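Novice: Let me begin by handing over the structure; questions about it come next.
2 protein chains.
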Amino acid sequence: MSKTIKNYGFPTHVINYHHWCKSKFINGVPCMIHNHEDSCRSSPNNALELNSKQRSHSINFVSSDYESLDYDHYESELTVREEKLNGYRTVVASNVIRWLIYFSIAICTAAVGIFIDTAIEYFYDWKYQSIRNCIDVKHSMIECLIIWLLFTVLPTIIGCSVVLFMEPSAAGSGIPFVISYLNGVRIPRMTAVRCLFVKVVSVVCVCIAGLGGGKEGPLIHIGAMVGGSVVEAWWRSFRNSPGQKSIGPLQNDRERRDMMAAGAAAGLSAAFGAPVGGTLMSLEEGTSFWSSSLMWKVFFCAAIAFPTFNAGKNIQFTKSTNDSDSVDSKSIYFFGKFNETAYYFSYSEFPVLILFGIFGGVLGALFVNLNYRLSILRMKYIVSNRKKLLESVFVATFVTTSSLISMVLFENCQPKIKINSSNVIQMNCPAGSYNEISSFWLHTQEESIRSLFHYPIDAISITSLIVFCVIYFILTELTIGLNMSAGLFLPSLLIGAAWGRIVSIIIHYYSPDFIINDPGKYALLGAAAQLGGIVRATISLTVVFIEATGNVQFLLPLMITLFTAKWTGDFFTDGIYEMQIKLSGVPLLVSEPPPLTSDITTEDFMSDTVCAIPHILMVGKLVDILNTTKHNGFPVVASKVCFCRTKAKEHKCYGLLKGFILRSQLNVILEHNLYLTPLHDENYCTKLKLIRNSMYTCEDIKLYQRLNIDEDERSILIDLRPYMNPSPYIVRLETSLTRTFRLFRTLGLRHIVVINNTNEVVGIITRMDLAKFRLWRKATTMGLKEVNVY
Amino acid sequence: MSKTIKNYGFPTHVINYHHWCKSKFINGVPCMIHNHEDSCRSSPNNALELNSKQRSHSINFVSSDYESLDYDHYESELTVREEKLNGYRTVVASNVIRWLIYFSIAICTAAVGIFIDTAIEYFYDWKYQSIRNCIDVKHSMIECLIIWLLFTVLPTIIGCSVVLFMEPSAAGSGIPFVISYLNGVRIPRMTAVRCLFVKVVSVVCVCIAGLGGGKEGPLIHIGAMVGGSVVEAWWRSFRNSPGQKSIGPLQNDRERRDMMAAGAAAGLSAAFGAPVGGTLMSLEEGTSFWSSSLMWKVFFCAAIAFPTFNAGKNIQFTKSTNDSDSVDSKSIYFFGKFNETAYYFSYSEFPVLILFGIFGGVLGALFVNLNYRLSILRMKYIVSNRKKLLESVFVATFVTTSSLISMVLFENCQPKIKINSSNVIQMNCPAGSYNEISSFWLHTQEESIRSLFHYPIDAISITSLIVFCVIYFILTELTIGLNMSAGLFLPSLLIGAAWGRIVSIIIHYYSPDFIINDPGKYALLGAAAQLGGIVRATISLTVVFIEATGNVQFLLPLMITLFTAKWTGDFFTDGIYEMQIKLSGVPLLVSEPPPLTSDITTEDFMSDTVCAIPHILMVGKLVDILNTTKHNGFPVVASKVCFCRTKAKEHKCYGLLKGFILRSQLNVILEHNLYLTPLHDENYCTKLKLIRNSMYTCEDIKLYQRLNIDEDERSILIDLRPYMNPSPYIVRLETSLTRTFRLFRTLGLRHIVVINNTNEVVGIITRMDLAKFRLWRKATTMGLKEVNVY
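Quick note, the sequences are listed as chains B and W, same order.
Residues 2 to 791 (the working numbering) are what the first sequence spells out, left to right.
Residues 2 to 791 (the working numbering) are what the second sequence spells out, left to right.
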């Protein structure tokens with residue numbers, strides 16, 4: 002043990018500390034820990050007891066299950082040494098590798114997108130052929146019902162089972178998770194390959210089954226997951242090459258965050274053929290931390306993903322057509338090409354646009370509100386996996402029966418000549434015509450949306466549209482919240498396009514001159530209004546729509562409609578993603594602190610049961626601390642506990658602040674016995690690599706595993722100074738909530754140490770302490786509330 | 002004086018301080034100031050001696066003339082009281098007023114844009130008619146030269162004189178100023194109405210004179226100036242109404258920054274008819290501080306400005322045409338409508354796109370480099386106003402003579418039938434045809450760019466294009482840097498479009514099938530490559546081009562070209578704005594700290610001559626401090642000076658940190674005798690209003706004016722605590738440059754107080770201390786340098 006002390010790679014002035022240590026610790030009087038033992042025991046922030054908790058069935062709580070990410074750079078003596086050794090050559094190499102990583106993210110995301118798209122098209126075609134076969138050839142409705150049910154229920158069971166039994170976190174569109182992660186909340190298993198796999202399978206199943214869920218939302222999540230995993234794949238590939246030195250600095254939460262933002266944009270870019278829209282969506286909805294260099298990377302990624310996806314799809318198309326070489330074949334526009342000359346907008350149409358926006362906003366708010374109530378019901382009554390599976394099967398049965406019944410009840414025949422699609426069913430209609438409503442149920446969502454936009458005005462009757470709109474609204478409402486990967490972009494667009502088309506038929510009926518046989522314009526605006534009313538994005542959706550229609554003329558009308566829809570919706574409820582985030586209790590921090598909070602000081606809301614660690618202590622003591630607490634970060638201090646007074650109350654002071662260390666770092670130090678060898682030029686690289694890995698791939702289970710240590714090692718001394726961050730961000734007791742919030746949120750921190758007037762640790766602030774203050778808005782009033790932390 | 006002490010509106014625990022004060026101060030022993038008098042005297046940061054300084058003629062310096070803005074919210078006992086009183090009703094009212102302000106920014110910017118546009122068109126038409134009259138009717142070349150010179154030199158003299166003699170800060174495009182301001186640098190007279198006026202006059206003159214400068218860049222600056230002034234106009238209008246309470250919280254640098262970002266976007270949106278592009282340009286080039294709520298406001302502003310500008314211009318158009326009601330008349334697209342069907346891109350064209358990008362990047366880098374050398378020459382030799390004016394006249398003469406000579410020398414006749422423009426000159430050509438090159442010199446820039454994009458391939462010969470391209474390159478090079486408001490957007494586009502057209506003629510000559518008589522596609526790409534190579538924006542330019550052409554098909558080719566141009570350009574030089582910013586010594590802080598700087602600690606680069614003020618002191622002492630120092634911020638402390646040791650060296654400690662106060666705040670306290678009345682519920686509102694105004698409208702002259710105070714008031718005690726910020730952001734001596742930089746930059750601070758281990762002030766960090774560390778890049782190498790501060 003004395004050897005350990007002698008070999009510390011420290012300059013002479015450290016010797017004083019050693020003497021102090023000896024007298025305090027080797028004699029077996031660990032002053033600090035003893036004095037505030039109570040504060041170093043089981044804390045309320047217990048990340049392991051996820052399931053045993055009483056959940057609140059509301060949006061007025063914050064869950065303590067979530068931890069913050071470390072967007073703050075890890076700095077210690079180790080990293081300083083590394084920087085000195087590496088030099089700018091490594092920085093340049095890292096920059097190059099970073100761009101390569103972004104490139105591979107784009108390619109991988111596009112590849113996954115192509116796979117999903119192809120799988121859906123293949124199975125959908127099979128489904129359609131089988132159903133048409135039994136209706137139009139065999140004329141057997143019972144057989145048809147059974148086959149249709151098979152094609153709906155079977156994928157539903159598969160899609161739901163993989164989620165339930167393999168990876169529950171893959172449920173839903175995943176966009177709330179992406180938003181939360183980019184805000185700095187650690188979402189468990191966000192980058193697990195299994196989650197990616199389950200997500201892909203589930204989204205394919207949802208689309209085959211014809212449920213009210215699209216593949217676009219999940220593709221954003223998938224892009225983000227790809228973005229989060231790729232750097233790890235790179236690191237593994239270059240594990241033992243010299244290039245690994247340049248990947249090391251990219252291995253942190255901050256870089257991963259940027260890569261996930263880029264991946265999300267690539268996903269949307271591939272899904273809608275909208276690189277600029279994808280970039281903007283990633284910025285508007287997701288990214289909490291922004292810089293112009295990030296914007297370039299995101300755009301780069303989106304710009305690569307779009308032609309890659311397109312080229313991949315074009316290879317398929319060449320089977321039938323020969324225009325694969327042309328970049329701008331019609332297939333490039335997701336919504337189909339809008340014929341320019343037919344779509345003039347005049348200023349006199351602006352009131353109509355505003356009405357569309359208002360209607361979309363109200364309908365969107367209704368959707369969100371119903372979904373909220375449904376989610377609460379689900380949380381209360383559909384708890385077991387068996388019930389969840391049954392629920393999915395019920396929704397699948399609903400969609401099949403309602404489709405078939407609507408086809409039988411509203412038997413409207415249309416001549417095939419009006420449209421250029423073959424995926425329709427004749428049923429009882431005369432030859433050369435088809436059952437009108439069948440086109441909705443047997444088209445993929447992309448085909449349906451294009452038919453709503455581009456079919457001539459008399460090709461779809463108003464009855465069919467109303468029936469479709471109502472059934473699809475219910476279906477989407479039911480699907481969003483199932484344990485499957487279902488996005489709501491396309492379903493919302495379909496609902497909106499349907500009612501937009503209804504409006505244009507009505508207008509056409511009363512003043513035929515106003516819309517010259519082209520309902521596509523208003524169908525598009527309806528779709529925009531509906532989606533805007535649910536999602537509440539403006540600028541990014543405008544651009545997505547322009548890129549998806551290939552028509553810049555829609556710019557102004559779309560802006561007006563989307564702004565109105567957003568404001569109207571915001572007047573009534575939160576957006577759907579905000580609602581889902583609040584329901585899951587994610588401690589999201591909005592970009593600005595709540596107003597009028599500068600009279601709340603840090604003293605009022607910090608947690609004052611800090612577990613401070615002396616900078617030199619015995620291994621045994623450290624192990625005990627780790628095994629008995631659940632804290633994730635520990636201030637490192639240099640003197641004993643005392644008490645200090647402020648205006649308001651008396652505080653326990655945990656000693657002079659020296660630095661800050663994370664649990665994951667302590668785990669590595671103990672697990673790999675780093676304390677046995679003093680820090681020197683030969684081993685700091687290995688040590689740093691170990692610590693970096695632990696921070697990067699930290700899984701909850703590993704983080705809190707019980708440490709065991711030999712009895713004779715318990716009395717060895719550890720000097721934490723080479724490993725700790727010597728200058729954590731600090732605030733003083735008097736600092737207001739406003740300032741503390743801004744510091745925490747803007748820098749993306751995980752802990753802020755609170756010190757008193759004499760630089761002694763008196764408290765600590767984590768995400769939970771700030772997220773519990775929440776601004777509520779209702780129509781034109783607002784206020785502050787403090788929600789519960791469970 | 003004892004009365005003053007008695008009446009302090011403080012709770013009992015403050016009494017102790019008073020006793021301490023009495024014993025220390027009333028006895029005439031002002032311990033602190035006396036002890037470190039030297040550090041409270043003339044500092045190097047002397048903002049008044051602007052002109053007497055030795056300027057460095059390079060980009061390797063940072064000027065100490067510039068101060069930071071206060072993006073940090075002012076917090077003190079006063080604001081806490083205000084918040085408590087106001088309540089959330091005021092917050093809601095402020096929100097509503099904020100949107101109204103943004104609305105008025107958009108309208109005002111569009112109105113100024115319409116005025117500029119109309120003025121230019123009117124005068125240009127006059128100029129054209131006069132010149133055509135003397136050439137085609139009178140056939141007198143001498144008279145023509147004189148008239149042309151009059152129309153060029155006269156506006157140049159006016160445009161240059163207003164700048165030189167009224168408002169020198171209105172020179173140039175102004176975009177570097179906007180970038181700097183949004184980065185947090187206080188640019189003097191940025192929002193002065195006189196500057197706005199001079200800018201408008203100057204830009205109109207530049208365009209009439211036909212110099213190589215456009216109106217688009219200045220329009221961005223004008224938008225930003227409007228954005229910066231409007232809130233003040235609102236405040237003045239509601240000076241004595243109850244609504245003023247709600248405008249108060251909007252009066253700070255932070256809100257102004259957001260409004261200027263929105264104004265800049267509105268300016269670009271009006272200039273190019275590109276609301277989304279404007280928003281993105283504001284984000285990509287300008288905004289250093291971003292949040293999604295800012296993005297909405299910026300987009301809102303841009304979205305309003307675009308149709309307003311358009312409607313205003315349409316009213317003009319109705320004189321001739323009748324389609325004013327249609328939103329999407331051809332006039333909506335700045336570059337003219339590109340015929341969709343003619344512009345297919347195939348994947349085999351991608352190498353051509355990349356070559357375009359590389360060429361544009363190289364030419365752009367050349368432009369920037371030449372402009373840099375020219376600027377240095379100008380700084381050295383063209384110093385007096387007279388010389389500057391002569392220089393402008395020389396450039397004006399150059400453009401006139403070279404235009405006329407080129408028209409005579411390269412007399413190429415084209416039949417008028419090919420084009421639909423009437424603004425051409427017949428000269429010596431046969432009837433029904435026109436002098437080809439005249440179309441460039443007698444069109445406005447908008448018309449020229451449209452003719453380059455849309456004229457059939459044989460309408461402009463390759464000789465004319467080469468002549469135009471070379472002359473215009475030289476002209477633009479000369480114009481950018483004159484003391485006039487000239488932007489480089491349109492000149493760059495013209496140069497690029499010209500060489501793009503040359504390339505397409507060459508390709509057409511060798512393989513006529515490849516480009517079917519339509520050079521517009523490559524002209525557009527050339528324009529994009531050239532502008533991208535100079536300005537180095539990618540995503541925003543892509544969107545601007547799409548919105549200006551009305552053609553989404555160009556998305557992918559534009560992205561490829563712009564990315565290549567940016568990367569190629571960055572390989573050789575900085576972008577033009579970056580270069581201009583560095584030349585003027587603006588201490589811009591980039592978004593990320595320079596890499597490998599965690600071994601530089603705050604101790605190494607902070608300024609340790611702090612002028613700390615005790616929290617209770619005599620008025621006379623305070624006046625002396627303000628009159629003898631040039632500091633802008635003062636730490637408020639509570640004990641006497643001592644010395645403390647760290648590892649590296651000994652530091653002077655200036656006492657226990659209590660808070661922070663700005664010079665502007667102290668000025669108000671002394672000027673309005675705020676210290677005579679203790680703080681109570683009746684007067685804090687007035688006091689706060691005075692302080693807020695002083696912070697907001699702080700002019701250098703007023704800030705540093707000498708304070709005079711009666712001799713008998715000198716011994717009254719001031720308690721600074723109600724006015725100071727009680728919890729400034731702090732760092733410790735050991736903190737690395739990386740962390741300090743990040744804290745300063747991310748939060749947009751003006752000062753950071755450095756404290757030692759026992760919370761005593763040992764130093765202060767301002768923008769200069771951080772901006773002097775600069776990363777240099779040259780091809781593939783990089784490194785850190787510390788530039789000088791002058």
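We put the CB at the ideal spot given by N, CA and C, even for glycine.
These figures come from a predicted structure and were not determined experimentally.
I think K773/B touches V790/B, with their Cβ atoms under 8 Å apart; what is that distance to the nearest whole Å?
Specialist: Contact holds; Cβ gap of about 6 Å.
Novice: I'd like to check one pair, A267/B with A306/B: are the Cβ atoms closer than 8 Å?
Specialist: Contact flag set, yes.
Novice: Does the separation of the CB atoms of G358/B and A566/B fall below 8 Å?
Specialist: In contact: G358/B and A566/B (Cβ atoms closer than 8 Å).
Novice: Of the residues that make up the segment 604-636 of chain W, which ones have a beta carbon closer than 7 Å to any beta carbon in chain B?
Specialist: Flagged: no residues at all.
Novice: By the criterion of Cβ-Cβ separation under 7 Å, what are the contact partners of R733/W in chain B?
Specialist: Simply S728.
Novice: On a CA-only basis, which of I147/B, V202/B, L70/B and M226/B is nearest C109/B? Give me that one, please.
Specialist: Nearest C-alpha to C109/B: M226/B.
Novice: From this set, M725/W, A538/W, L744/W and L677/W, which residue's C-alpha is nearest L77/W's C-alpha?
Specialist: What sits at residue 77/W in the sequence shown is Ser, not Leu. If we check each option's Cα against that of S77/W, M725/W comes out closest.
Novice: Is there at least one Cβ from chain W nearer than 8 Å to E84/B's Cβ?
Specialist: Yes, contact with chain W.
Novice: So, using beta-carbon positions, are L183/W and S289/W closer together than 8 Å?
Specialist: Yes; because the gap between Cβ atoms is below 8 Å, this pair is in contact.
Novice: Are any of the Cβ atoms in chain B nearer than 8 Å to that of Q666/W?
Specialist: Taking Cβ atoms only, chain B never reaches closer than 8 Å to Q666/W, which makes this a no.
Novice: Is the distance from the Cβ of I614/W to the Cβ of L721/W below 8 Å?
Specialist: Taking 8 Å as the Cβ cut-off, I614/W and L721/W qualify as a contacting pair.
Novice: With a cut-off of 8 Å on the beta carbons, I'd call S439/B and C414/B a contact; round off their distance for me.
Specialist: About 10 Å separates the two Cβ atoms, so there is no contact after all.
Novice: Which same chain residues, not among the five before or five after N323/W, have their C-beta less than 6 Å away from its C-beta?
Specialist: Annotation note: pLDDT 43 at N323/W (below 50); position unreliable, no value reported.
Novice: In chain order, what residues of the same chain have a beta carbon less than 6 Å from the beta carbon of F742/B, not counting five sequence neighbours either side?
Specialist: Same-chain partners within the cutoff: P594 and L771.
Novice: Where L295/B and P588/B are concerned, what is the direct C-alpha to C-alpha distance, given to the nearest angstrom?
Specialist: L295/B and P588/B: Cα-Cα distance of roughly 24 Å.
Novice: Counting only runs of 4+ residues fully inside the segment 180-234 of chain B, write out the alpha helix (DSSP H) ranges in chain order.
Specialist: DSSP runs (the alpha helix (DSSP H)) wholly in the segment 180-234 of chain B: 194-210.
Novice: Would you grab the beta carbon distance between G211/B and V400/B for me? Rounded to a whole angstrom, and I think it's under 8 Å.
Specialist: Confirmed, about 6 Å.
Novice: At 7 Å on the CB atoms, spell out the chain B contacts of S592/W, in chain order.
Specialist: Within 7 Å Cβ-Cβ: S292, S293 and S294.
Novice: So, using beta-carbon positions, are L738/W and V755/W closer together than 8 Å?
Specialist: Not closer than 8 Å, so no.
Novice: If we count Cβ pairs, one from each stretch, closer than 8 Å, do we get three or more for the segment 488-506 of chain W versus the segment 454-474 of chain W?
Specialist: A contact exists between the segment 488-506 of chain W and the segment 454-474 of chain W.
Novice: How many angstroms separate the CA atom of Y730/B from the CA atom of R190/B?
Specialist: About 29 Å.
Novice: Could you check if L391/W is buried or exposed, using at least 16 other CB atoms within 10 Å of its CB as the buried criterion?
Specialist: Exposed, because fewer than 16 other Cβ atoms sit within 10 Å of the Cβ of L391/W.
Novice: If the criterion is Cβ atoms closer than 8 Å, does the pair S163/W and V394/W meet it?
Specialist: Checking the sequence, you will find Val at residue 163/W rather than Ser. No, the Cβ-Cβ distance between V163/W and V394/W is not below 8 Å.
Novice: Take R255/W and list the residues in its own chain whose beta-carbon comes closer than 6 Å to its own, dropping the five residues that flank it on each side.
Specialist: Result list for R255/W: Y72, in chain order.
Novice: Considering only the alpha carbon of each residue, which of Q252/B, T781/B, F62/B and L220/B lies closest to T569/B?
Specialist: Nearest option by C-alpha distance: T781/B.
Novice: Given S327/W, which residues of its chain have a CB within under 6 Å of its CB, disregarding the five upstream and five downstream residues?
Specialist: Any reading at S327/W must be qualified, since the residue scores a pLDDT of 44, below 50, and its modelled position is unreliable; the value itself is stated next. Cβ within range, chain order: n/a, list empty.
Novice: Please check if any C-beta of chain B sits within less than 8 Å of the C-beta of I766/W.
Specialist: Chain B contact via Cβ: absent.
Novice: Please look up how many angstroms separate the CB atoms of T562/W and L526/W, rounded, as I've assumed it's under 8 Å.
Specialist: The pair is a contact, with the Cβ atoms about 5 Å apart (cut-off 8 Å).
Novice: How far does the beta strand (DSSP E) with C470/W in it extend, from its first residue to its last?
Specialist: Looking at the DSSP string, C470/W is not in any beta strand (DSSP E); the run it does join, the alpha helix (DSSP H), is I463 to T480.
Novice: Here's the rule I'm using: 16 or more other beta-carbon atoms within 10 Å means buried, otherwise exposed. How should G88/W be labelled?
Specialist: By the 10 Å Cβ count, G88/W comes out exposed.
Novice: Classify L590/B: buried if its beta carbon has 16 or more other beta carbons within 10 angstroms, exposed otherwise.
Specialist: Buried: at least 16 other Cβ atoms inside 10 Å.
Novice: Is the beta carbon of T747/W closer than 8 Å to that of T687/B?
Specialist: Not closer than 8 Å, so no.
Novice: Answer yes or no: do L443/W and I98/W have a C-beta to C-beta separation smaller than 8 Å?
Specialist: No, Cβ-Cβ distance for L443/W and I98/W is not below 8 Å.
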